[in-house]
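Worksheet: the structure to be examined is printed underneath.
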Amino acid sequence: MAVYLSLDCTSPTLARAEIEGLFSAFGLPWKSGNYENNTFEFNRSSLLPKSARVELFPTGDHRFKALHVKGAQPHEQIITEVLYEEDREDQSEDESEDEDMSPRPERPERIPQAAVAGAKIANGYFVYTGDVNPGSESIQTILALCRLGNIPES
Numbered sequence: 001m002a003v004y005l006s007l008d009c010t011s012p013t014l015a016r017a018e019i020e021g022l023f024s025a026f027g028l029p030w031k032s033g034n035y036e037n038n039t040f041e042f043n044r045s046s047l048l049p050k051s052a053r054v055e056l057f058p059t060g061d062h063r064f065k066a067l068h069v070k071g072a073q074p075h076e077q078i079i080t081e082v083l084y085e086e087d088r089e090d091q092s093e094d095e096s097e098d099e100d101m102s103p104r105p106e107r108p109e110r111i112p113q114a115a116v117a118g119a120k121i122a123n124g125y126f127v128y129t130g131d132v133n134p135g136s137e138s139i140q141t142i143l144a145l146c147r148l149g150n151i152p153e154s
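Anchor point for the sequence shown: position 19 equals 19 in the numbering used here, and the numbering is continuous, going up by one each time.
Below is the structure:
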């Protein structure tokens, strides 16, 4: 038996501390992240519930406004920020140098935040969706997590 619970955690009347309290109540170290428009993509390496149908998740990049989650492990990030080349420079193998041949200063590793994150908890699965104006991609993501079909084309 599966139980699905939906809470509107992106309501302007709900404080970040309350959202983080919900995460904490489920034993998750997640924190509220940025509240902004961003470009997102489906993380194919995320650990999904058994009910999920990978082929139904949105494909490509999508832009929307979300209250992000930070602190989710990479395998918990289902819909995540797209990192562009300037963000990935730290992750490259070669040690690039400036024109004067001096090494580049170290930058902290850029860890993407998630618009949708999920974690296995006991015999269940917890999912947070942060899209503040859910569109077709968010609805399609929720349906894919629940093993339901595509949304009808408008």
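We put the CB at the ideal spot given by N, CA and C, even for glycine.
As the structure is a prediction and not an experimental result, all values here were calculated from the model.
Contact between the segment 41-49 and the segment 12-30 is not established, with fewer than three Cβ pairs separated by less than 8 Å.
Using a Cβ distance threshold of 8 Å, T129 and P58 do not count as a contacting pair.
Rounded to whole angstroms, L28 and P134 show a C-alpha spacing of 24 Å. Rounded to the nearest angstrom, the gap between the Cα atoms of E81 and H62 is 10 Å. In the DSSP assignment, no residue is bridged to D61. Taking 8 Å as the upper bound for CB-CB distance, F40 and I79 are in contact here, some 5 Å apart. Shown here for F23: same chain residues with a beta carbon closer than 7 Å to its own, the five before and five after excluded, namely W30 in chain order. Under the three-state reduction of DSSP, I121 is assigned to strand. By a beta-carbon distance limit of 8 Å, E36 does not contact K70. Their separation comes to about 12 Å. In the structure shown, F40 adopts extended strand secondary structure according to DSSP, grouped into three states. Taking the C-beta atoms as reference points, L148 is found no nearer than 8 Å to V127. With 16 or more other Cβ atoms from the protein chains shown falling within 10 Å of its own Cβ, I19 counts as buried.
DSSP places I142 inside the alpha helix (DSSP H), whose first and last residues are 136-145. Counting along the chain, the unbroken alpha helix (DSSP H) around I19 starts and ends at 16-25.
Bridge pairing for A115: absent [DSSP]. The beta carbon of P112 sits closer than 6 Å to those of T80, E81, L83, all from its chain and outside the five residues before and after it, given in chain order.
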